[in-house]
Each structure stands twice: as C-alpha cells, then as structure tokens.
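Down below is the structure, laid out as structure tokens.
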Amino acid sequence: MKFALQYHAVNERNSDEWTPLHNAASNGQIDACKLLLSQPGIDLNPTNNHNETPLDLAIKKGYQTVIDYLRQNGCVASSPPRQNRRKYYNSPPKALSPIDELKNLKPNPSNFNSIYKIVDNAILNQDANTIRFAIENEYMKVQDTDKPFYNNVALEAAFRGGRDFIIFLEVCGYNPKNDFFLHKFAQIGDVEGVEYALKFHDINEKGENWWTPLHYAVDRCQMESCKLLLSKQGIEKNQLNQKDETPLDLANRVFKDETEAEKNARQELVDFLKSQGCQESIIKPIIIDDEQKEPLNIPQDLSSIQKLQHVPKEPRNFDMIFGILLDSYEKNDHETIEYAVKNDYLKLTKAGDRLTNIVIEAATKANLKFIQYLEKYGYSPKDDFILHEFSYIGDVEGMKFALQYHNVNERDGGERTALHIAASSGQIDACKLLLSQPEIDKNPTNNRNEMPLDLAIKNDNQTVIDYLISNGCEETQKTLVPGQVRIHVIN
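Counted from 1, the sequence shown has number 462 at position 462 by the UniProt record's numbering; the numbering is strictly sequential.
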C-alpha cells in the first residue's frame with residue numbers, strides 16, 4: 001500500500017465509487033485502515049454508489065476491531081438498517097424503465113456491470129417486476145469473467161447485499177439451488193447467509209475446482225464461517241479439491257507479503273481446524289510466490305538423464321524439466337523418456353496449478369507428436385484429460401488421438417464433457433468433431449446444471465450457438481421455485 005500511495009490518491013475511487021478505505025473496512029483489514037487514516041487529506045466518510053461509508057461496510061461484516069477503530073478516528077455510518085434501506089435508495093427518474101434498460105442489454109459477460117446495477121437497484125427498491133423479468137430472461141446467470149472464481153449476477157447480489165437480497169430473489173421466483181450461494185456466503189463470512197443457504201445446498205457440495213464451502217471459508221480466513229460449518233452434522237472435514245488440497249492445506253499456505261496480523265489470524269485458524277479434526281492431505285502445501293534463491297546451475301556436459309537427476313522434481317522446476325523432456329523427444333532420446341515415465345516425471349505439476357502436469361502442458365501447446373512419443377515409451381494416454389484439453393484449444397488431430405482412449409462423454413471434476421469445453425471456448429471445429437461421434441450426449445449437464453448450448457450462449461459465440469442448435473443441442477429448462485409468495489410491489 002505504501003508503494004501504491006506514491007502513484008494513487010488516497011481517495012481514488014473505482015467504478016463502484018469505492019475508495020481504498022471502503023475496501024480495507026469491508027475486508028476487516030485493520031492495519032490497512034490505520035495506514036489510510038494516517039494519510040493527510042483522507043476522506044473519512046466517502047459514500048459508494050450504495051450510499052455506504054467505510055464504517056457501514058465494517059458494520060455489515062461485523063468486524064468489531066475495525067468498527068471501533070474507525071469510530072475512534074471520526075468515521076460515521078450513513079446507511080439505515082438493511083430492512084429500512086429501500087426508502088433511502090429510490091432511483092432517480094429515468095427515461096427508460098429498468099425492464100426496458102435490460103431489454104437494451106444482451107445477457108452476456110461484457111454487460112455484467114450494467115446488468116448488475118439495474119438488478120441491484122431493483123432489489124433495493126423491491127421492484128419485483130424487474131427481478132422477475134431478469135430471472136425469466138437469464139440475466140441472473142450472466143457471468144463476471146473478471147473474478148478468479150465463478151461469479152454471476154445472482155452471486156454478486158449475495159456478496160453485496162447478503163441474505164436479504166437472495167430472499168427477495170427467491171420470493172420473485174429465483175431458485176437458490178441454481179447457484180453456489182452457500183460457497184459465496186461462507187467465503188465472505190456471512191453466517192446468516194450460510195444458515196439460509198444450507199436449506200438449499202448440501203454442506204459438502206463441491207463447486208468451482210471442487211472447492212467445498214469449508215474450502216472457501218478457510219481460503220478467506222473466515223473464522224466464524226468455519227465455526228458454523230464445522231458445527232453441522234454431516235460435514236466432511238477433509239474433502240479434497242481438484243488440486244488434492246484439504247481445507248487445512250489451504251490454511252497452511254505461506255504468503256510472501258503476509259502481514260503479522262494476517263499471519264496470526266491464519267495460525268489461529270490452523271489451530272482451530274486441527275482441534276476440530278481437520279487434517280492435511282499427503283501432498284505438501286506449496287508456498288505462494290516462492291522464488292528459488294539461487295538459480296540452478298546445470299553443467300552442460302551432462303546427459304539428459306543426468307540433468308533430470310540434477311534438478312529437484314518440484315513444481316517450481318516444472319518449466320526446466322518440461323524443457324529437458326521436450327529436448328529429449330526432439331533428439332529421439334528414448335532412454336531419457338523411458339526414465340521419466342518410469343520415475344513419474346510426467347505427473348509433476350506446475351507451481352500453483354496442480355491441474356497442469358507435463359502431458360497436459362504438451363496438450364496445451366498442441367504438441368500431439370510429443371505425447372505420442374511419450375506413449376511409445378510407456379505413457380498411457382488414459383491417465384490424463386487430454387480430450388478435454390485438446391477440445392479447449394480446438395486441436396482436432398489431438399482430439400482424434402484422444403478419442404482412441406477416452407469416451408466422448410467422459411466428465412472431468414466439474415462434470416464437464418469435452419463438448420462443454422469446446423462450446424464454452426468457442427471451438428467450432430472441435431464441436432463438429434464431437435457431434436459427429438455416434439455415442440455423443442448432446443445435452444449433458446455439468447455441476448452447475450449447464451448444457452453445452454448454455455455455455456455457448458453465455459459466451460455469446462453465435463457461430464457455435466447456431467451449429468449446436470442445428471445439431472439438436474438444447475438449453476437447460478428454467479426452474480422456478482414453486483408456490484410464489486405474495487409481496488407488496490412498489491411501482
């Protein structure tokens with residue numbers, strides 16, 4: 001932050017009118033609040049586009065230490081209690097109604113921010129007609145592709161407005177089972193939201209990258225979410241995500257620029273998880289942003305096998321090992337390849353990315369001949385999701401090779417088939433090849449209940465959309481909550 005303050009005004013605002021103090025207060029970062037409040041010219045009570053001051057956000061999240069510090073330094077709250085907020089947030093008169101505004105926007109990721117603002121105002125104003133229109137026309141499903149984890153308009157509403165926002169969506173016909181609300185509430189530490197979401201979701205439900213709600217709570221060091229989840233019957237404390245990490249593995253990660261306060265909070269969480277029976281996986285957690293202090297100096301007169309033996313088989317050396325094996329293939333050095341296959345070098349994964357091993361990296365680079373050479377000397381193409389990877393990049397020849405070893409309807413950890421992958425990434429030639437297979441399931445659903453056509457529509461690839469429709473692919477049927485509740489609608 002001290003570095004950033006050399007280049008940015010302390011009161012600088014983002015597109016949602018948040019200042020750095022809003023962010024620090026909302027995330028419970030007491031040290032960041034102290035630094036910002038020590039800056040000359042700091043605005044103690046800026047309001048964002050929801051008329052919230054930093055103190056409002058700290059109160060909403062329940063960060064008592066931050067609340068006390070902000071108040072001691074002159075920060076004040078401006079928001080009314082949530083249940084009374086709607087009368088303070090009436091939108092100014094507009095030439096177009098909210099529904100007409102939505103009609104002018106395609107439900108695709110490029111319009112996410114505009115769509116969310118309309119939906120957000122509709123919720124604040126209890127405008128059920130606009131919300132129903134948004135639900136029925138797929139606006140709630142529009143993704144925010146800038147977020148590191150899966151996020152859409154409905155989940156953003158959960159993040160910004162908490163349980164009350166989602167209850168209103170449910171009243172208007174939205175089915176909370178359609179999105180990972182339990183994961184989102186656990187991630188932001190909203191324990192009321194967690195309790196509410198447990199009515200619709202299994203406590204061990206796996207979301208993006210197989211993360212359970214407990215993974216999300218631990219990742220953001222949300223102690224209260226962890227306590228609530230671990231108090232529930234049926235909780236599986238040591239579920240593995242797609243990188244084979246348990247929640248305790250996530251808590252044990254070491255971050256390069258971690259503050260003393262963050263380190264203490266993380267250690268407190270580690271101790272709590274262990275006291276509740278949480279365990280580490282057999283894989284050692286990686287150190288984030290770790291750098292090898294001294295570069296490896298490999299004598300050039302060594303053979304390729306000797307070079308492999310010289311380099312520690314660790315994720316941080318992935319690129320070096322991949323280069324040695326690729327060089328061995330290009331030189332037809334089958335002895336080195338046989339040694340690598342026998343000694344599990346192909347299973348080595350990238351630092352911070354346990355989904356990408358040597359073979360998947362080769363597929364990503366469309367190097368089919370390298371993979372075929374590995375197969376010739378002992379590698380089994382059945383061991384990795386190469387069909388999905390070749391489908392992602394649209395490598396038809398690689399897909400034809402992979403189809404010799406993989407069922408066309410094979411699913412990955414997110415219940416996605418190769419057709420999901422090809423449709424989502426807009427690979428028309430890959431879609432054509434897959435749909436030409438006699439056993440192809442044209443309408444499989446992934447773990448978000450999305451079919452391939454849903455993903456093509458979501459990513460607005462008209463060529464793929466047209467081709468899928470012409471070949472019998474369908475959209476997922478909309479599901480609304482039965483038994484609508486009578487509500488008062490403000491016109």
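Ideal Cβ placement from N, Cα and C applies to all residues, glycine included. Note that the coordinates shown come from a computational prediction; the quantities given were computed from them, not determined experimentally.
> Going by DSSP, what residues sit across from Asn73 in a beta bridge?
Replying inline: Walking along the sequence shown from the start, residue 73 turns up at place 73. DSSP, once it has assigned bridges, lists no residue as partnering Asn73.
> What is the DSSP secondary structure of Lys331, reduced to helix, strand or coil?
Replying inline: By one-based count along the sequence shown, residue 331 stands at place 331. Coil at Lys331, not helix or strand.
>> Along the chain, where does the alpha helix (DSSP H) containing Tyr392 start, and where does it finish?
In response: As a first step, residue 392 is located in the sequence shown; it is residue number 392 there, counting from the start. It spans 386-393 - the alpha helix (DSSP H) in which Tyr392 sits, taken as one unbroken run.
>> Just to confirm the assignment, what range does the alpha helix (DSSP H) spanning Gly472 have?
In response: Here residue 472 corresponds to residue number 472 of the sequence shown, with the count starting at 1. Note, Gly472: premise wrong, no alpha helix (DSSP H); not H, not E.
> Whose C-alpha, out of Ala32, Ile67, Leu21, Ile457, is nearest the C-alpha of Pro46?
Replying inline: On the sequence shown, position 46 is the one that residue 46 refers to. Nearest option by C-alpha distance: Leu21.
>> By the DSSP assignment, the alpha helix (DSSP H) with Asp219 in it spans what residues?
In response: Residue mapping note: residue 219 aligns to position 219 of the sequence shown, counting from 1. First-last of the alpha helix (DSSP H) with Asp219: 213-219.
> Thinking just about the alpha-carbon of each residue, which of Leu230, Asn178, Lys199 is nearest to the one in Gly207?
Replying inline: The residue given as residue 207 occupies position 207 in the sequence shown. The candidate whose alpha carbon is nearest that of Gly207 is Asn178.
>> Per DSSP, what are the beta-bridge partners of Thr349 in this structure?
In response: Working through the sequence shown from its first residue, we reach residue 349 at position 349. Beta-bridge pairing links Thr349 to Asn357.
> Pro438: buried (16+ other C-beta within 10 angstroms of its C-beta) or exposed?
Replying inline: By one-based count along the sequence shown, residue 438 stands at place 438. Looking at its Cβ environment, which holds fewer than 16 other Cβ atoms inside 10 Å, Pro438 is exposed.
> Which same chain residues, not among the five before or five after Arg266, have their C-beta less than 7 angstroms away from its C-beta?
Replying inline: Locating residue 266 in the sequence shown gives position 266, where the first residue counts as 1. Excluding residues within five positions, the ones whose Cβ falls inside 7 angstroms are Cys221, Ala251.
>> Quick check on Val254: does DSSP put it in helix, strand or coil?
In response: As a position in the sequence shown, residue 254 is number 254, starting the count at 1. In this structure, DSSP gives Val254 an extended state, which the three-state scheme calls strand.
> Do Asn129 and Val142 have their C-beta atoms within less than 8 angstroms of each other?
Replying inline: Residue mapping note: residue 129 aligns to position 129 of the sequence shown, counting from 1. Residue mapping note: residue 142 aligns to position 142 of the sequence shown, counting from 1. No, these two residues do not count as a Cβ contact at 8 angstroms.
> Going by beta carbon distance, what residues of the same chain come within less than 6 angstroms of Asn209, once the five residues before and after it are set aside?
Replying inline: Taking the sequence shown and counting its residues from 1, one reaches residue 209 at position 209. The answer, listed in chain order, is Asn241, Gln242.
> Do you know offhand how far Pro315's Cα is from Ala77's?
Replying inline: Here residue 315 refers to the residue found at position 315 when the sequence shown is read from its first residue. Here residue 77 refers to the residue found at position 77 when the sequence shown is read from its first residue. Each residue's Cα considered, the two are about 48 angstroms apart.
> Is Gln292 helix, strand or coil by DSSP?
Replying inline: One-based indexing of the sequence shown puts residue 292 at position 292. Only weak support exists for where Gln292 lies, its pLDDT of 46 falling under 50; the value from the coordinates is given anyway. Of the three classes helix, strand and coil, the one that applies to Gln292 here is coil, per DSSP.
>> Considering only DSSP beta bridges, list what Asn152 is partnered with.
In response: Residue numbering aside, residue 152 sits at position 152 when the sequence shown is read from its first letter. Answer is Gln143.
>> Distance check for Pro107 and Ile166, CA to CA, integer angstroms please.
In response: Taking the first residue of the sequence shown as 1, we reach residue 166 at position 166. Taking the first residue of the sequence shown as 1, we reach residue 107 at position 107. Approximately 20 angstroms between the Cα atoms of the pair.
> Hey, is the region 382-400 in contact with the region 348-363, meaning 3+ C-beta pairs nearer than 8 angstroms?
Replying inline: Touching, yes.
> At which residues does the alpha helix (DSSP H) containing Met399 begin and terminate?
Replying inline: As a first step, residue 399 is located in the sequence shown; it is residue number 399 there, counting from the start. That run of the alpha helix (DSSP H) goes 396-402.
>> Is there a C-beta anywhere in chain B that falls below 8 angstroms from the one on Ala366?
In response: The question asks about chain B, but that chain is absent: this structure has only one protein chain.
> What are the boundary residues of the alpha helix (DSSP H) that Asn113 is part of?
Replying inline: As a working note, residue 113 is residue 113 in the sequence shown. Unbroken alpha helix (DSSP H) run through Asn113: 112-124.
>> If contacts are defined as beta-carbon pairs under 8 angstroms, then Val396 and Asp429 qualify, I think. What distance do you get, rounded to the angstrom?
In response: Taking the first residue of the sequence shown as position 1, residue 396 is located at position 396. Taking the first residue of the sequence shown as position 1, residue 429 is located at position 429. Contact flag correct, Cβ pair sits at about 5 angstroms.
> Can Asn10 and Gln39 be called in contact, C-beta distance under 8 angstroms?
Replying inline: For this step, residue 10 is matched to residue 10 along the sequence shown. For this step, residue 39 is matched to residue 39 along the sequence shown. In the sequence under discussion, the amino acid at residue 10 is Val, which differs from the Asn named in the question. With contacts defined as CB atoms closer than 8 angstroms, Val10 and Gln39 qualify as a contacting pair.
> Measuring CB to CB, does Tyr373 end up less than 8 angstroms from Glu338?
Replying inline: Residue 373 sits at position 373 when you count from the first residue of the sequence shown. Residue 338 sits at position 338 when you count from the first residue of the sequence shown. No, Cβ-Cβ distance for Tyr373 and Glu338 is not below 8 angstroms.
> With burial defined as no fewer than 16 other Cβ atoms inside 10 Å of the residue's Cβ, what is the status of Tyr7: buried or exposed?
Replying inline: Indexing the sequence shown from 1 puts residue 7 at position 7. Tyr7 is exposed by the Cβ-count criterion.
> Exposed or buried, which one is Thr349 when buried takes at least 16 other CB atoms within 10 Å?
Replying inline: For the purposes of this step, residue 349 is taken as residue 349 along the sequence shown, with counting starting at 1. Burial check for Thr349: the Cβ neighbour count within 10 Å reaches 16 or more, so the residue is buried.
> With Ser304 and Ile324 assumed to form a contact (beta carbons below 8 angstroms), what rounded beta-carbon distance in angstroms separates them?
Replying inline: In the sequence shown, residue 304 corresponds to position 304, counting from 1. In the sequence shown, residue 324 corresponds to position 324, counting from 1. Correct: roughly 6 angstroms between the Cβ atoms.
> In its own chain, which residues sit with a C-beta less than 7 angstroms from the C-beta of Ala351, not counting the 5 before and 5 after it?
Replying inline: Taking the sequence shown and counting its residues from 1, the one referred to as residue 351 is at position 351. Answer for Ala351: Ile286, Pro315, Arg316, Phe318, listed in chain order.
>> I believe Ile30 touches Ala261 by the beta-carbon criterion, under 8 angstroms. Please report the beta-carbon distance rounded to the nearest angstrom.
In response: Sequence index remark: in the sequence shown, residue 30 carries index 30 (1-based). Sequence index remark: in the sequence shown, residue 261 carries index 261 (1-based). Between Ala261 and Ile30 the Cβ distance is about 7 angstroms, and since that is below 8 angstroms, they are a contact.
> Should Val254 be labelled buried (16 or more other beta-carbon atoms within 10 Å of its own) or exposed?
Replying inline: As a working mapping, residue 254 is identified with position 254 in the sequence shown. Looking at its Cβ environment, which holds fewer than 16 other Cβ atoms inside 10 Å, Val254 is exposed.
> Which of helix, strand or coil does DSSP assign to Pro80?
Replying inline: Sequence index remark: in the sequence shown, residue 80 carries index 80 (1-based). Confidence at Pro80 is low in this model, with a pLDDT of 47, below 50, so its placement is unreliable and the value that follows should be read with caution. For Pro80, the secondary structure class from DSSP, reduced to helix, strand or coil, is coil.
> Nearest-angstrom Cα distance between Thr53 and Leu273?
Replying inline: Residue numbering aside, residue 53 sits at position 53 when the sequence shown is read from its first letter. Residue numbering aside, residue 273 sits at position 273 when the sequence shown is read from its first letter. C-alpha separation (whole angstroms): 34 angstroms.
>> Let me check understanding here. Comparing Cα to Cα, which of Asp412, Asn23, Phe133 lies closest to Leu57?
In response: Position 57 of the sequence shown, counted from the first residue, corresponds to residue 57. The candidate whose alpha carbon is nearest that of Leu57 is Asn23.
> Quick one, which of Thr259, Asn461, Met451 has its alpha-carbon nearest Cys473's?
Replying inline: As a first step, residue 473 is located in the sequence shown; it is residue number 473 there, counting from the start. Answer by Cα proximity: Met451.
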